[in-house]
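Protein chains: 2
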Amino acid sequence: MELSNYSRIFKALSNEQRLKIFMMIYRDCCGIKGPKGIAEIKLGDESCCGVKGGIEKAFSKICDCMDLSRSTISHHFKELQNAGLITCEREGQTFRCHINEKTIKSIREFLG
Amino acid sequence: MELSNYSRIFKALSNEQRLKIFMMIYRDCCGIKGPKGIAEIKLGDESCCGVKGGIEKAFSKICDCMDLSRSTISHHFKELQNAGLITCEREGQTFRCHINEKTIKSIREFLG
DNA sequence: TTTAATGTTCGATGGTTAGCGAAATATAGA
DNA sequence: TCTATATTTCGCTAACCATCGAACATTAAA
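Written out as structure tokens, the structure reads:
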């Protein structure tokens with residue numbers, strides 16, 4: 000992976016609110032059991048997406064537990080998508096989103 | 000480690016030039032053999048800090064191989080320090096810099 | 001078909017950042 | 001002490017970013 004790709008990924012994770020959104024998706028929305036390092040991160044009481052395997056209504060759920068406007072949250076989702084960290088699709092009224100495992104792998108390999 | 004610390008680290012690595020500087024220090028200046036993932040990153044011909052274990056004159060060397068003003072590079076060093084990624088000290092006229100292993104460890108643990 | 005809910009897009013605003021050159025500071029050596 | 005070299009700080013500018021509310025688009029349900 001090119002250096003510029005890495006900087007794009009890190010830029011997406013450089014905003015604390017956006018990182019929080021990403022962590023919620025990563026940890027709770029996609030059924031991935033957070034490994035060490037993630038468990039330590041405090042998201043606060045507002046953690047919301049506890050449905051394992053349930054990526055439905057990710058957007059709404061995150062809206063409900065964050066103190067940001069919907070438009071801002073929509074923007075953050077876009078940024079996470081642009082960085083290749085997540086993919087989102089709309090099925091009817093369900094906003095379905097996935098973690099992009101390939102990108103996660105690249106991050107893991109970044110410093111060995 | 001707090002979420003805000005992680006976003007600060009990622010912010011420091013979100014600028015491509017700064018990431019490049021960090022990678023040079025990480026890979027070449029501190030005698031750390033880059034693991035997989037780093038080896039793949041192309042820094043271009045300008046890679047300069049080939050002296051293993053030699054962290055001396057890191058600033059000057061990096062200035063020589065990057066197309067940025069010295070003041071800008073100084074600024075980037077400061078940012079890397081603020082994020083806790085590196086520490087720098089001046090010994091006489093030698094600018095000595097180290098990787099902060101603790102922070103590296105945190106990054107590695109971030110996604111498991 | 002109206003209504004309610006869910007997301008997106010737009011334009012504005014205030015704050016932050018990357019970059020430069022010039023001036024300042026620090027150190028080593030002549 | 002003077003000079004050359006190395007690094008930092010300062011002041012500036014242009015670009016970028018986070019955020020909002022309003023307006024719009026889409027879909028489900030009443």
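Listed in order, the protein sequences are those of chains G and L.
Following numbering that gives the first Met the number 0, the numbering of the first sequence begins with 0 at its first residue and continues without gaps.
Following numbering that gives the first Met the number 0, the numbering of the second sequence begins with 0 at its first residue and continues without gaps.
C-beta: ideal position from N, C-alpha, C; glycine also.
This structure is a prediction, so every number in the text was calculated from the model and none was measured.
Please state whether the Cβ-Cβ distance between Ser105/G and Met0/G is less than 8 Å.
yes
Give me the DSSP bridge partner(s) of Phe94/L.
Arg89/L
If we count Cβ pairs, one from each stretch, closer than 8 Å, do we get three or more for the segment 77–93 of chain L versus the segment 65–81 of chain G?
no
Decide if Lys101/G is buried, meaning its Cβ has at least 16 other Cβ atoms within 10 Å, or exposed.
exposed
Partner residues on chain L for Leu15/G, Cβ-Cβ distance less than 7 Å:
According to the sequence shown, residue 15/G is Glu rather than Leu. Chain L residues near Glu15/G: Leu2, Ser3 and Ser6.
Between Leu110/G and Ile103/L, how many whole angstroms is the CB-CB distance? I'm expecting something under 8 Å.
6 Å
Verify the CB distance criterion: does Leu84/G have a CB-CB separation below 8 Å to chain L?
no
Beta-carbon neighbours of Lys10/L, restricted to chain G and to distances below 7 Å:
Ser13
Taking C-beta pairs closer than 7 Å, name the residues in chain L that Asp72/G reaches, listed in chain order.
At residue 72/G the sequence reads Ile, which differs from the Asp that was named. Here the premise fails: no neighbours, minimum Cβ distance about 16 Å.
8 Å Cβ cutoff met for Ile61/L and Ile20/L:
yes
Cα-Cα separation between Ser59/L and Ser6/G, rounded to whole angstroms
24 Å
Taking all protein chains shown into account, do 16 or more other C-beta atoms lie within 10 angstroms of the C-beta of Ser13/L, making it buried, or fewer, making it exposed?
buried
Determine the extent of the alpha helix (DSSP H) in which Met0/G is found, giving its start and end residues.
Looking at the DSSP string, Met0/G is not in any alpha helix (DSSP H), and its letter there is neither H nor E.
On the CB-based measure, 16 or more other CB atoms within 10 Å of its CB, does Arg89/G come out buried or exposed?
exposed
Helix, strand or coil for Ser13/L, going by three-state DSSP, please let me know.
coil
Within its chain, find whatever has a CB closer than 8 Å to the CB of Asn99/G; leave out the 5 residues flanking it on each side and keep chain order.
Gly83, Leu84, Ile85 and Thr86
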